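The structure appears below as structure tokens.
2 protein chains.
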Amino acid sequence: MQLSERKEKILAAIIEWYIATGEPVGSKTLLEFSRIPVSSATVRNEMAELSRLGFIEQPHTSAGRIPSQMGYRYYVDKLMNRYELPINEKRLIEARLSDAGGEPQQILEQAGQVLAELTNCAVVSTTPTDENAVIRRVELVPLGTHTAMMVMLSSSGILKSRVCRTDSELTLELIETFYNIVSKHFIGKSASEVSIALIQTLALSLGSKSLAISPLLVTLSDLAQLTEQTQLLLQGQSNLLHHNDYPNAYEIMEFLRRGEPLTNLFAGHKAENNTNVLIGKENFYRELQDSSLIYSHYSVGGKDSGALGLIGPTRIDYARLIPSLKYLTEIVGKIMSDTLED
Amino acid sequence: MQLSERKEKILAAIIEWYIATGEPVGSKTLLEFSRIPVSSATVRNEMAELSRLGFIEQPHTSAGRIPSQMGYRYYVDKLMNRYELPINEKRLIEARLSDAGGEPQQILEQAGQVLAELTNCAVVSTTPTDENAVIRRVELVPLGTHTAMMVMLSSSGILKSRVCRTDSELTLELIETFYNIVSKHFIGKSASEVSIALIQTLALSLGSKSLAISPLLVTLSDLAQLTEQTQLLLQGQSNLLHHNDYPNAYEIMEFLRRGEPLTNLFAGHKAENNTNVLIGKENFYRELQDSSLIYSHYSVGGKDSGALGLIGPTRIDYARLIPSLKYLTEIVGKIMSDTLED
DNA sequence: TTTAGCACTCTCATCATTAGAGTGCTAACT
DNA sequence: AGTTAGCACTCTAATGATGAGAGTGCTAAA
Chain A
0 MQLSERKEKI
10 LAAIIEWYIA
20 TGEPVGSKTL
30 LEFSRIPVSS
40 ATVRNEMAEL
50 SRLGFIEQPH
60 TSAGRIPSQM
70 GYRYYVDKLM
80 NRYELPINEK
90 RLIEARLSDA
100 GGEPQQILEQ
110 AGQVLAELTN
120 CAVVSTTPTD
130 ENAVIRRVEL
140 VPLGTHTAMM
150 VMLSSSGILK
160 SRVCRTDSEL
170 TLELIETFYN
180 IVSKHFIGKS
190 ASEVSIALIQ
200 TLALSLGSKS
210 LAISPLLVTL
220 SDLAQLTEQT
230 QLLLQGQSNL
240 LHHNDYPNAY
250 EIMEFLRRGE
260 PLTNLFAGHK
270 AENNTNVLIG
280 KENFYRELQD
290 SSLIYSHYSV
300 GGKDSGALGL
310 IGPTRIDYAR
320 LIPSLKYLTE
330 IVGKIMSDTL
340 ED
Chain B
0 MQLSERKEKI
10 LAAIIEWYIA
20 TGEPVGSKTL
30 LEFSRIPVSS
40 ATVRNEMAEL
50 SRLGFIEQPH
60 TSAGRIPSQM
70 GYRYYVDKLM
80 NRYELPINEK
90 RLIEARLSDA
100 GGEPQQILEQ
110 AGQVLAELTN
120 CAVVSTTPTD
130 ENAVIRRVEL
140 VPLGTHTAMM
150 VMLSSSGILK
160 SRVCRTDSEL
170 TLELIETFYN
180 IVSKHFIGKS
190 ASEVSIALIQ
200 TLALSLGSKS
210 LAISPLLVTL
220 SDLAQLTEQT
230 QLLLQGQSNL
240 LHHNDYPNAY
250 EIMEFLRRGE
260 PLTNLFAGHK
270 AENNTNVLIG
280 KENFYRELQD
290 SSLIYSHYSV
300 GGKDSGALGL
310 IGPTRIDYAR
320 LIPSLKYLTE
330 IVGKIMSDTL
340 ED
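Residue numbers (numbering that gives the first Met the number 0), protein chains in the order written: chain A, 0 to 341; chain B, 0 to 341.
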């Protein structure tokens, strides 16, 4: 649907004022701050029309208008001028991310922190995944006679570690055997190929050493699984309490904590490279249907790998947040790619 | 101050009822649920006395009584029968912690999760520190021609890693030089000895290689610092929103996020091995003065290393939470010690 | 020392009233 | 035909009055 230019101006004014103040906007108020050269009666007529079309609604008869979900949607799609992020904000983001220290998780944590401060929203992000990632390196660092720390590094830069206890003593020989198995059967394989079945077969084929080495192999498989799993990071949850017309903060926090649904959501829409905006009921999950979710995928080495998302009330400053998120996502991808390639 | 037995009974009844229901307790209500064989008038007299002494107070004239801070304190110190944790809850805790997977941070995360579920409080915990910890191992895992991941393991089991970029190519020779320096100057030293000054001196002494190796040494020093730093973990923050007579959840969440004050608090009281309870204004920090903080130190290898703490409203089920926290702390210490020694 | 009884206080919910904001409609104006 | 002034109408939110109910403290009797 296409609105007349004047209707668009009025709609944009309503939305921007409402986002800024949280108050429903009346016809007179609107004239005060927006430079629309008509009388309040005309505005009223236009507003009535916009109401009929479903772009704005009234909390009650004697109140002003507030944007409907459809209104926000129109605004985001057509009206909002996605302003270029000011250079100093860009610099700020770059500066804050430059000292994050290499590992994807650290970069994301830093990015999330910045984003939470910048936007006053809750921030979610997923660690990079890469179906084609393979196990790049496995290290076994002995800690004592019966314990060792196993470290696994994937080709996509994910590092995971776990402490492993063995029943029998961790001899040099045992460790060597382990390394042999690893380099023969696992290095260069994808994590998903490290199945329990394979582990068992291998263990059995070792005969007498089987018992001694199997705890190591089990840990290996645990690690492989961990490496493969997307992790969800949450930050700025307390920002949800800022917004006072937003009573269900608890519910949302619990939803975010569950993690899994969001991970799926991000994975599902991986194709679109653009920033996505889901407003209110557009969200599949009930818990988010009073909120807006804005998310954007970052790409490492040219492939979409993970996403950063913002969650806040539907009454949120889309025009400001979207460019910030977009730019930050870009930088995150760039930094991760830098580290990985060479 | 010592109260008469009957006063103690009444005080305990008021506190327990108030903790359970959140409602101020009147003299009649009290008779209904507690088996105190006197009339409401007598209870009223006793209550008046308890009010005068400062153990209970009235929100307003026509309301019942609620415990004062002093009342809670008396209850925690003398009345509350610290009941032994039921065996099945013990088992539950043990089961949930057994598969946490070795690293201190993972153990604490798991413990915090359990505690948050069990207590409905926000949970804070600090990673183990050990002034006598030394650098046990440093590994450099090449990722590309100019990047590597450096991993540092301390004798107290802390593992930290960072990605490091070098300006010149990471040759095998360079790596070997690095390992030589590390084993000669750093292994077995405490992290605090890795000063910038030392790094600079070392770099200079290398002459031509100086420039190539200094990024590695800088990363090493970063890692040493990280290893030494106590980290604060937060969990169950959303639990703060559960309690409805507790409006300042946001303030507390922000306070917790800042982290540092709590780290200091825990470090400051390290001497006492017992569980500590700080009620309301007993807390030094303003942000906590409407809350209660219960914390307990875990010890790894016989030395106090870190702490777990619970934060909730002053109206909290002390009698149940304290034993839970205590037991969990014990187990955490035990598991960490297991991993470390051998 | 305990208890019954009673006057007193204060909160909270309910209801009526009112000021104010904002609308939609009509009729006049450009 | 589009715009505007004016006005009746509607609904909210604030205010104040009223009354029921809960709980107390005190007194006098047991």
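Note that beta-carbon positions come from the ideal geometry of N, C-alpha and C, so glycine has one too. All values derive from a computational prediction rather than experimental measurement.
Alpha-carbon to alpha-carbon, Ile334/A and Arg95/A: Position 96 of the first sequence, counted from the first residue, corresponds to residue 95/A. Position 335 of the first sequence, counted from the first residue, corresponds to residue 334/A. When rounded, the distance between both Cα atoms is 12 Å.
Own chain residues within Cβ distance below 8 Å of Arg256/B, not counting five before or after: As a working note, residue 256/B is residue 257 in the second sequence. Cβ within range, chain order: Leu233.
Neighbour-count burial assignment, Glu102/B, 16 or more Cβ in a 10 Å radius: Residue mapping note: residue 102/B aligns to position 103 of the second sequence, counting from 1. The residue is buried, with at least 16 neighbouring Cβ atoms inside 10 Å.
Distance between Asp76/B and His242/A (C-alpha atoms, nearest Å): Taking the first residue of the first sequence as 1, we reach residue 242/A at position 243. Taking the first residue of the second sequence as 1, we reach residue 76/B at position 77. Straight-line Cα distance between these residues: approximately 40 Å.
Interface positions of the stretch 134 to 157 of chain B facing chain A (Cβ-Cβ less than 7 Å), listed along the chain: Arg136, Glu138, Val140, Gly143, Thr144, His145, Thr146, Met148, Val150 and Leu152
Cβ-based neighbour list, Thr128/B, same chain, cut-off 7 Å, excluding 5 preceding and 5 following: Within the second sequence, the letter at position 129 stands for residue 128/B. Contacts found: Thr229, Ser304 and Gly305.
Ile310/A - containing alpha helix (DSSP H), residue span: If you number the first sequence from 1, residue 310/A lands on position 311. That residue, Ile310/A, is in no alpha helix (DSSP H); its beta strand (DSSP E) goes Lys302 to Pro312.
Within 8 Å, strictly: CB atoms of Tyr284/B and Thr328/B: As a working note, residue 284/B is residue 285 in the second sequence. As a working note, residue 328/B is residue 329 in the second sequence. Result no, Cβ atoms of Tyr284/B and Thr328/B do not sit closer than 8 Å.
Under 8 Å between C-beta atoms of Gly311/A and Ser295/A: To locate residue 311/A, count along the first sequence from 1; it is residue 312. To locate residue 295/A, count along the first sequence from 1; it is residue 296. Not in contact: Gly311/A and Ser295/A (Cβ atoms no closer than 8 Å).
Where Arg161/B falls: helix, strand or coil (DSSP): Residue mapping note: residue 161/B aligns to position 162 of the second sequence, counting from 1. Strand, per DSSP.
Within chain B, partners of Met335/A - CB distance below 9 Å: To locate residue 335/A, count along the first sequence from 1; it is residue 336. The contacting residues do not exist; Met335/A stays about 10 Å from chain B at best.
Residue(s) in a DSSP beta bridge with Pro127/B: By one-based count along the second sequence, residue 127/B stands at place 128. Pro127/B pairs with nothing; no bridge assigned.
Backbone secondary structure at Met335/B - three-state DSSP: Numbered from 1 along the second sequence, position 336 holds the residue referred to as residue 335/B. Residue state, collapsed to three classes: helix.
Under 7 Å from the C-beta of Gln236/A: neighbouring residues of chain B: If you number the first sequence from 1, residue 236/A lands on position 237. Annotation: Cβ neighbours of Gln236/A in chain B (cutoff 7 Å, chain order): Gln236.
Enclosing alpha helix (DSSP H) for Thr146/B [first to last residue]: Here residue 146/B refers to the residue found at position 147 when the second sequence is read from its first residue. Counting along the chain, Thr146/B falls outside any alpha helix (DSSP H), though it belongs to the beta strand (DSSP E) covering Thr146 to Ser153.
Neighbour flag for Met46/B against chain A, beta carbons, 8 Å: Position 47 of the second sequence, counted from the first residue, corresponds to residue 46/B. Answer no: the Cβ-Cβ gap between Met46/B and chain A never drops below 8 Å.
Selection of the stretch 224 to 252 of chain B by Cβ proximity to chain A, strictly under 8 Å: If the cut-off is 8 Å between Cβ atoms, the stretch 224 to 252 of chain B has Gln236, Ser237, Leu240, His241, Ala248, Tyr249 and Met252 near chain A.
Residues, ordered as in the chain, of the stretch 157 to 172 of chain A that lie near chain B by beta-carbon distance below 8 Å: Leu158, Ser160, Arg161, Val162, Cys163 and Arg164
Coil, strand or helix - Ala248/B by DSSP: As a working mapping, residue 248/B is identified with position 249 in the second sequence. Note: Ala248/B maps to helix in three-state DSSP.
Beta carbon proximity, Arg256/A to chain B, threshold 8 Å: As a working note, residue 256/A is residue 257 in the first sequence. It does: the Cβ of Arg256/A has a partner Cβ on chain B nearer than 8 Å.
First through last residue of the alpha helix (DSSP H) which encompasses Gln234/A: Mapped onto the first sequence, residue 234/A falls at position 235. It is not in any alpha helix (DSSP H) - Gln234/A instead sits in the beta strand (DSSP E) that spans Leu231 to Gln234.
Reduced DSSP category for Pro66/B - H, G, I as helix; E, B as strand; rest coil: Taking the second sequence and counting its residues from 1, one reaches residue 66/B at position 67. Here Pro66/B sits in strand by DSSP.
Which of helix, strand or coil DSSP assigns to Ser290/A: Here the question's residue 290/A lines up with position 291 in the first sequence. In this structure, Ser290/A counts as strand in the three-state DSSP scheme.
Neighbouring residues, chain B, relative to Thr200/A (Cβ below 7 Å): For the purposes of this step, residue 200/A is taken as residue 201 along the first sequence, with counting starting at 1. In chain order: nothing, as chain B lies at least about 24 Å away.
Sufficient close CB pairs (3 or more, under 8 Å) joining the stretch 63 to 81 of chain A to the stretch 10 to 29 of chain A: yes
When Gly279/A, Leu216/A, Met69/A and Leu264/A are compared against Tyr245/A, the one with the closest alpha-carbon: Reading the first sequence from its first residue, position 246 is the one you call residue 245/A. Checked all of Gly279/A, Leu216/A, Met69/A and Leu264/A; the closest Cα to Tyr245/A is Gly279/A.
Nearest-angstrom Cα separation, counted from Leu52/B out to Met343/B: Here chain B covers residues 0 to 341 and nothing more, so residue 343/B does not appear.
Own chain, CB closer than 8 Å to Tyr344/A, minus 5 neighbours either side, in chain order: As shown, chain A starts at 0 and ends at 341. That puts residue 344/A outside it, with no answer to give.
According to DSSP, residues forming a beta bridge with Glu56/A: The residue given as residue 56/A occupies position 57 in the first sequence. Answer is Ile65/A.
Proximity to Ala223/B [Cα-Cα], best of Glu22/B, Asn282/B, Thr28/B and Val193/B: As a first step, residue 223/B must be located in the second sequence, where it is residue number 224. That would be Val193/B, whose Cα lies nearest to the Cα of Ala223/B.
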